[in-house]
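Down below is the structure, laid out as structure tokens.
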Amino acid sequence: MSNLNSKLDKADCLAYVKRFISMAPFYYIFTTRELLQLAEKRAQLDYFLYSAAKDGYLERLAWGVYRKLDARNKQVKPEQIAAIKRRAFAGSMTSIETESLELVPDVSGEDASASAIQERQFASLGSNSDLLFTHCVVNKAERKYKTEEVRLVMKRKGTRKFALGETRVAREFRKIWLKGQKYFSSNDVDLILINSTKQERLLLPALKKYLPQWISDCIPLGPNEALSVIVDSIKVRKEGRKGDFNKPGKRIIL
Numbered sequence: 001m002s003n004l005n006s007k008l009d010k011a012d013c014l015a016y017v018k019r020f021i022s023m024a025p026f027y028y029i030f031t032t033r034e035l036l037q038l039a040e041k042r043a044q045l046d047y048f049l050y051s052a053a054k055d056g057y058l059e060r061l062a063w064g065v066y067r068k069l070d071a072r073n074k075q076v077k078p079e080q081i082a083a084i085k086r087r088a089f090a091g092s093m094t095s096i097e098t099e100s101l102e103l104v105p106d107v108s109g110e111d112a113s114a115s116a117i118q119e120r121q122f123a124s125l126g127s128n129s130d131l132l133f134t135h136c137v138v139n140k141a142e143r144k145y146k147t148e149e150v151r152l153v154m155k156r157k158g159t160r161k162f163a164l165g166e167t168r169v170a171r172e173f174r175k176i177w178l179k180g181q182k183y184f185s186s187n188d189v190d191l192i193l194i195n196s197t198k199q200e201r202l203l204l205p206a207l208k209k210y211l212p213q214w215i216s217d218c219i220p221l222g223p224n225e226a227l228s229v230i231v232d233s234i235k236v237r238k239e240g241r242k243g244d245f246n247k248p249g250k251r252i253i254l
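All residue numbers for the sequence shown refer to this note's numbering, where the first residue is 1 and numbers rise by one.
Take a look at the structure:
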């Protein structure tokens with residue numbers, strides 16, 4: 001933890017990220033995109049998460065999916081991880097198979113059944129995905145373990161662009177995205193910021209979750225009023241107060 005603090009002390013732009021993680025319960029699973037709202041640059045956030053996982057403070061469950069490393073944590077099913085990744089990209093996930101084949105730790109003392117890579121089909125409101133997960137299946141009675149793999153295939157049903165249609169400022173960013181990076185200039189973002197109201201600026205951190213990096217890196221950190229709400233979002237949801245900050249056209253928390 002001391003190494004984590006020293007790294008953050010040298011990078012004030014990650015102070016909100018530090019606070020969010022420290023306040024999160026040990027079992028809470030978060031994504032890079034969730035933290036992107038609280039960081040200034042994507043590269044800085046990626047390096048911090050990589051270092052925190054390497055130092056044993058965080059556990060990386062999949063690319064861009066983390067939780068605190070804690071002995072009390074339980075194994076997470078691939079479906080849960082995939083659903084979390086979909087939500088991070090403004091998409092939900094539904095199973096389209098008739099029966100779900102679940103991988104569970106073997107506690108009966110009998111050998112887990114050997115099988116080839118299992119493939120499960122899902123539909124997603126995000127982009128196409130093909131995820132391969134490796135599980136360590138433990139036989140507690142004989143103190144043996146083996147690995148099993150499962151592949152999750154998700155078919156495209158929508159994009160993050162759909163989530164950017166509610167407010168004027170979000171639609172302005174969507175226009176930039178649709179034009180493409182080839183025609184993009186940081187001046188495009190500056191122009192949006194200049195013409196944004198105080199209320200619209202409160203929405204900017206949350207919008208960074210859904211924008212590509214070449215746009216989000218040009219959006220400055222802040223305002224503090226919105227960042228403070230996002231940092232406390234876990235507590236806000238637990239207390240049933242998310243609706244106070246998730247009203248149509250005024251969504252500080254997405």
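Ideal placement from N, C-alpha and C gives every residue a C-beta, glycine not left out.
I need the DSSP call for residue i, collapsed to helix, strand or coil.
i	result
residue 172	helix
residue 18	helix
residue 59	strand
residue 13	helix
residue 224	helix
residue 242	helix
residue 235	helix
residue 250	strand
residue 32	helix
residue 230	helix
residue 219	coil
residue 121	Only weak support is given to the placement of residue 121: the predicted model assigns it a pLDDT of 47, under 50, and the question is left unresolved by the model.
residue 166	coil
residue 38	coil
residue 161	helix
residue 71	coil
residue 179	helix
residue 82	helix
Report all residues from its chain with a CB closer than 7 Å to the CB of residue i; omit the five preceding and five following residues, and keep chain order.
i	result
residue 201	223
residue 176	184, 188, 215
residue 56	69
residue 161	174, 177
At what residues does the beta strand (DSSP E) containing residue i begin and finish?
i	result
residue 68	65-68
Can you list, in chain order, the residues of its chain whose CB lies under 8 Å from that of residue i, leaving out five sequence neighbours each side?
i	result
residue 165	171, 174
residue 58	21, 49, 52, 66, 67, 68, 69
residue 274	Past the boundaries of the shown model lies residue 274; the chain is included only from 1 to 254, so the question cannot be answered.
residue 46	32
residue 236	229, 242, 244, 245, 253
residue 225	202
residue 227	16, 37, 38, 205, 221
residue 13	39, 40, 41, 44, 221
residue 232	23
residue 199	250
Are the beta-carbon atoms belonging to residue i and residue j less than 9 Å from one another?
i	j	result
residue 76	residue 31	no
residue 234	residue 48	no
residue 24	residue 74	no
residue 85	residue 62	yes
residue 243	residue 167	no
residue 37	residue 230	yes
residue 16	residue 221	yes
residue 169	residue 191	no
residue 27	residue 72	yes
Considering just the uninterrupted stretch of the alpha helix (DSSP H) at residue i, what are its terminal residues?
i	result
residue 255	Residue coverage of the chain in this structure runs from 1 to 254, which leaves residue 255 outside it and unanswerable.
residue 198	198-201
residue 51	42-54
residue 192	186-194
So, at 6 Å on beta carbons, what are the nonlocal neighbours of residue i in its own chain, with the 5 sequence-adjacent residues on each side left out?
i	result
residue 81	61, 62, 65
residue 179	none
residue 238	none
Between residue i and residue j, how many whole angstroms is the CB-CB distance? I'm expecting something under 8 Å.
i	j	result
residue 196	residue 218	With 8 Å as the limit, residue 196 and residue 218 do not qualify as a contact, their Cβ atoms being about 14 Å apart.
Just checking: is the beta-carbon of residue i within a distance shorter than 9 Å of some beta-carbon in chain D?
i	result
residue 240	Looking for chain D here will not work: only one protein chain is present.
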